[in-house]
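S.K.: Quick one: structure below, then a few questions.
Number of protein chains: 2
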Amino acid sequence: MGITIKDVAKAANVSPSTVSRVVKDSPRISQETKKRVRQAMRELGYHPNAMAQSLTSKNTGNIGIMLPRPNDEEFNHPFFPEALRGISAVLRIHDRDILLSPAGNEVEERRALQRMVLSGKVDGVVLLSSRISDELITWLYSINFPFVVIGNPRPLGLERVCWVDNDNIEIGRMITQYLIDKGYEDIGIITGDLRFIVNIDRLEGYKQAMEAAGKSTNRAYMAEADVWEDGGYNAMLRILRNGKPSAVVTVDDLFAIGAIRACRDRGYSIPYDIGVIGVNNIGVDQYLMPPLTSVEIYAYELGKSAAELLLKRIEIGPEYNDCVIIHGRLVERVSC
Amino acid sequence: MGITIKDVAKAANVSPSTVSRVVKDSPRISQETKKRVRQAMRELGYHPNAMAQSLTSKNTGNIGIMLPRPNDEEFNHPFFPEALRGISAVLRIHDRDILLSPAGNEVEERRALQRMVLSGKVDGVVLLSSRISDELITWLYSINFPFVVIGNPRPLGLERVCWVDNDNIEIGRMITQYLIDKGYEDIGIITGDLRFIVNIDRLEGYKQAMEAAGKSTNRAYMAEADVWEDGGYNAMLRILRNGKPSAVVTVDDLFAIGAIRACRDRGYSIPYDIGVIGVNNIGVDQYLMPPLTSVEIYAYELGKSAAELLLKRIEIGPEYNDCVIIHGRLVERVSC
DNA sequence: AATTGTAAGCGCTTACAATT
DNA sequence: AATTGTAAGCGCTTACAATT
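Residue numbers (UniProt numbering), protein chains in the order written: chain A, 1 to 336; chain B, 1 to 336.
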């Protein structure tokens with residue numbers, strides 16, 4: 001700390017602007033000068049001051065990420081580190097850093113985002129949370145700030161947002177169809193919070209597949225889970241109070257894990273008495289008893305594509321917008 | 001974007017310095033002036049430019065976090081989101097943001113840290129990775145930059161580093177002792193990579209407990225696992241090739257999950273043929289078959305304490321240093 | 001003594017001018 | 001035409017001066 005462009009300039013016997021140009025490797029500077037300046041930089045241990053650079057150049061090199069709120073249970077889902085990995089992979093190449101603004105609740109979240117954006121700490125934002133409220137999206141949209149959402153902003157009817165998502169209706173259909181093809185008769189479903197589009201869509205896919213197979217959906221075999229394993233456990237218990245489905249579609253592996261436990265606690269064995277299928281293909285799936293059939297949703301790719309779209313959006317400007325849909329792949333194991 | 005302190009000054013009919021003081025709620029400004037200036041700020045939609053503030057005030061409001069490298073398998077361990085939650089919880093209160101520098105490998109990691117620090121993008125750093133090489137620690141130490149490590153820097157012999165950790169020798173002792181008390185005879189162990197202090201320590205605890213009980217440790221029943229479930233699976237298989245221990249200590253639940261599967265694949269049932277115990281008390285533990293006995297290590301608290309120490313270190317200066325040791329708590333379930 | 005303003009400076013970038 | 005320098009400016013902070 002302390003060595004500035006001026007010190008280097010003096011040492012290399014050039015003007016500060018020349019040093020600045022050498023730092024950015026400008027073609028306007030001759031090779032000999034560059035050599036001399038770089039030499040001086042090395043000798044003095046010069047490092048550009050990022051804040052000064054940002055102030056003058058108007059870009060920060062930072063991308064803001066809105067994770068689910070750390071207070072929410074969502075935060076602990078393996079999806080997020082995986083998506084974050086994907087984002088990191090591309091930001092790394094472009095020499096950008098990630099800025100996280102810790103927020104405990106919805107109000108803080110909105111304020112955190114506004115501060116990040118309005119105080120100029122980031123060049124763009126990725127909204128990595130299905131619960132992300134329309135509010136954040138519409139606001140960013142309205143001020144024309146670069147952002148991309150991981151999830152489907154379809155209900156907002158905004159034409160030019162960048163987004164990346166799985167085809168969750170398709171995934172709902174896929175897992176339901178798989179059970180149907182296996183010959184299961186009465187197929188129930190455990191969804192997550194139905195204020196999330198991802199859950200609405202997977203449920204919709206389930207309904208479509210059931211209908212296409214000429215099966216009626218039975219409300220007694222449908223339950224909305226709240227939080228992960230416990231939520232899945234309780235939801236399954238509620239279903240079992242109404243009767244015994246032959247199989248159960250679950251919109252998330254963590255729900256499936258809870259549901260399986262509930263079945264077992266009621267004396268049912270998986271997959272013989274009840275088949276169970278999940279979504280996400282999380283790490284433990286193949287080590288569960290029985291190994292859980294699931295859908296790989298490619299969270300890493302989701303993150304990667306999101307970062308790529310955002311970078312393009314930043315570079316090209318508001319006239320750019322695009323979306324990427326990533327298809328799931330069923331991973332067959334033995335739980336159904 | 002666009003509204004500066006000067007615009008507000010003009011609108012409120014004061015000087016820029018007055019506006020600046022109002023922003024920081026300086027006691028040197030009268031209530032009436034504050035009111036008037038704030039009014040103007042609201043009307044114009046003023047937001048302070050964070051970069052300019054940082055440039056002049058010499059602090060950024062950002063804390064850098066070195067997560068394990070996203071390319072490493074470690075990155076996907078539930079420990080990290082949990083520790084991150086704890087860090088977030090305290091940074092939120094102090095209105096600080098988190099800066100992550102994506103790094104794919106060791107070299108990039110070092111460069112990322114150096115850039116973060118030397119370019120002045122952060123006021124302090126938390127090293128959240130047991131593999132974090134001494135190099136990073138000793139460097140930060142040598143330049144007197146505020147940092148805290150989650151993990152035990154003991155081998156470096158640096159006197160004044162801030163750190164936070166479990167007592168991993170104690171944890172190793174605790175889980176081994178638990179098996180001994182349960183009457184298990186031949187107790188093996190699956191450790192992780194022994195270049196990590198956490199693993200060395202837990203192994204040490206195991207040895208201490210065995211010795212104290214007058215049991216000899218059997219190299220045939222000791223294995224080093226590489227990556228998580230698969231690593232635990234393979235390690236257990238290697239042990240079973242040498243014979244059948246009556247129980248196995250595992251330094252991580254993910255290893256335990258793999259190990260249990262390996263036992264089952266060889267026809268052994270848990271806990272009747274082989275007892276298994278893990279460490280970390282991850283979310284799925286109680287939903288496993290059988291539910292896994294483990295040790296709660298309070299990753300959230302670890303993160304929280306780390307952030308608190310770091311903030312103090314930043315505020316007070318290099319003469320401050322402290323460490324926090326968080327004790328594990330055994331969570332009894334049915335796997336042993 | 002309490003309140004406000006002046007002006008320099010933080011460390012860069014970049015339009016424009018100057019030099020060869 | 002190729003290379004370098006001058007100087008203003010980015011949006012703040014803060015020591016010091018000035019005013020009441």
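Built from N, CA and C at the ideal position, the CB exists for glycine as well.
1. Report the partner residues of R329 of chain B according to the DSSP bridge assignment.
2. Got a sec? Which residues, its chain only, sit under 7 Å from V122 of chain B by beta carbon, not counting five neighbours each side?
3. Within 8 Å of any Cβ in chain A, is that where the Cβ of K121 of chain B sits?
4. Taking 7 Å as the line, does the beta carbon of K6 of chain B fall inside it for any heavy atom of the ligand SAH?
5. Going by Cα to Cα distance, which pick from A:V279, A:V227, A:D165 and A:V198 is closest to A307 of chain A?
6. Select from B:R333, B:W228 and B:C162 the residue whose C-alpha is nearest the C-alpha of L302 of chain B.
7. Of all the alpha helix (DSSP H) runs that stay within the bounds of the region 145-195 of chain B, which reach a length of 4 or more residues?
8. Quick check on the DSSP output: the beta strand (DSSP E) that includes D97 of chain A runs from which residue to which?
9. With burial defined as no fewer than 16 other Cβ atoms inside 10 Å of the residue's Cβ, what is the status of V107 of chain A: buried or exposed?
10. When you compare the CB of T60 of chain B with every CB in chain A, is at least one pair closer than 8 Å?
11. Would you call T56 of chain A buried or exposed, if buried means 16 or more other Cβ atoms sit within 10 Å of its Cβ?
12. If contacts are defined as beta-carbon pairs under 8 Å, then F145 of chain B and I190 of chain B qualify, I think. What distance do you get, rounded to the angstrom?
13. Strictly below 8 Å CB to CB, what residues from chain B border N49 of chain A?
14. Within the continuous alpha helix (DSSP H) that includes N234 of chain A, where are the two ends?
15. Using DSSP with H/G/I as helix, E/B as strand and the rest coil, what is T250 of chain A?
16. Which residues does DSSP list as the beta-bridge partners of G124 of chain B?
17. What in chain B is Cβ-close to residue 337 of chain A, meaning under 8 Å?
18. If contact means a Cβ-Cβ distance below 8 Å, which residues of the region 225-244 of chain A contact chain B?
19. In this structure, how does DSSP classify G317 of chain B when only helix, strand and coil are distinguished?
20. Residues of chain B with CB closer than 9 Å to the CB of R92 of chain A, please, in chain order.
21. Taking 8 Å as the cut-off, decide whether the C-beta atoms of A299 of chain B and F79 of chain B are in contact.
22. Looking at the structure shown, is M51 of chain B part of a helix, part of a strand, or coil, going by DSSP?
23. Which residue from A:I175, A:E159 and A:I187 puts its Cα closest to that of H327 of chain A?
24. In chain B, which residues lie less than 8 Å from G278 of chain A when you measure between Cβ atoms?
25. Just verifying my parser: in three-state terms, what is the DSSP assignment at C323 of chain A?
26. Spell out whether any CB of chain A is found under 8 Å from the CB atom of D201 of chain B.
27. Name, please, each residue of chain B whose Cβ falls closer than 7 Å to the Cβ of A52 of chain A.
28. How would you call L311 of chain B, buried or exposed, if buried means at least 16 neighbouring beta carbons within 10 angstroms?
29. Terminal residues of the continuous beta strand (DSSP E) containing I277 of chain B?
30. If you draw a straight line from the alpha carbon of T293 of chain A to that of K58 of chain B, how long is it in whole angstroms?
31. Taking 8 Å as the CB-CB cut-off, is I98 of chain A touching chain B?
32. Could you round the C-beta distance between residue 337 of chain B and L127 of chain B to whole angstroms and report it? I think they count as a contact, below 8 Å.
33. Assuming I257 of chain B and G232 of chain B make a contact with CB atoms under 8 Å, what is their CB distance in whole Å?
34. Identify which residue in B:E135, B:I137, B:A112 and B:N281 has its Cα closest to the Cα of R329 of chain B.
35. Give, in chain order, every residue of the region 166-185 of chain B whose Cβ lies closer than 8 Å to some Cβ of chain A.
M.R.: Let me lay it out:
1. Answer is B:E296.
2. The answer, listed in chain order, is T60, N62, I63, G64, L99 and M116.
3. True, the Cβ-Cβ gap to chain A drops below 8 Å.
4. Within the structure as shown, the ligand SAH is missing, as the structure has no ligands at all.
5. Looking at the Cα atoms, A:D165 is the closest of the given residues.
6. Each of B:R333, B:W228 and B:C162 was checked against the Cα of L302 of chain B, and the nearest Cα belongs to B:C162.
7. Counting whole runs of 4 or more residues, the region 145-195 of chain B contains the alpha helix (DSSP H) stretches 168-181.
8. According to the DSSP assignment, D97 of chain A belongs to the beta strand (DSSP E) that extends over D97 to L100.
9. It is exposed - the Cβ of V107 of chain A has fewer than 16 other Cβ atoms within 10 Å.
10. It does; some Cβ of chain A falls within 8 Å.
11. With fewer than 16 other CB atoms across the displayed protein chains lying within 10 angstroms of its CB, T56 of chain A is exposed.
12. The C-beta distance from F145 of chain B to I190 of chain B rounds to 37 Å, too long to fall under 8 Å, and the pair is not in contact.
13. Under the 8 Å cutoff, chain B gives L55, S119 and G120.
14. Counting along the chain, the alpha helix (DSSP H) containing N234 of chain A begins and ends at W228 to N242.
15. In the structure shown, T250 of chain A falls within a strand segment according to DSSP collapsed to helix, strand and coil.
16. Per DSSP, B:I63.
17. Only positions 1 to 336 of chain A appear in this structure, which leaves residue 337 of chain A out of reach.
18. Of all residues in the region 225-244 of chain A, the ones placed with a Cβ closer than 8 Å to any Cβ belonging to chain B are W228, E229 and Y233, in chain order.
19. G317 of chain B falls in the coil class under three-state DSSP.
20. Per Cβ cutoff of 9 Å: P70, S101, P102, A103, G104, E108 and A112.
21. Result yes, Cβ atoms of A299 of chain B and F79 of chain B sit closer than 8 Å.
22. In the structure shown, M51 of chain B sits in a helix (DSSP, three-state: H, G or I).
23. It is A:I175.
24. Taking a Cβ-Cβ cut-off of 8 Å, G278 of chain A has no neighbours in chain B, whose nearest Cβ is about 13 Å from it.
25. The answer is strand: DSSP assigns C323 of chain A an E or B state.
26. Interface annotation, D201 of chain B: not in contact with chain A, CB-CB separation never under 8 Å.
27. Taking the beta carbon of A52 of chain A as reference, the chain B residues within 7 Å of it are L55, listed in sequence order.
28. By the 10 Å Cβ count, L311 of chain B comes out buried.
29. For I277 of chain B, the enclosing beta strand (DSSP E) has its first and last residue at G275 to I277.
30. Near 54 Å, if we compare the C-alpha coordinates of K58 of chain B and T293 of chain A.
31. With 8 Å as the cut-off, I98 of chain A counts as an interface residue toward chain B.
32. Residue 337 of chain B is absent from the model: chain B starts at 1 and stops at 336.
33. That belief holds up - the Cβ atoms of I257 of chain B and G232 of chain B are roughly 7 Å apart, short of 8 Å.
34. Of the listed residues, the one whose Cα sits closest to R329 of chain B is B:N281.
35. Near chain A, meaning a CB-to-CB distance below 8 Å, no residue of the region 166-185 of chain B qualifies.
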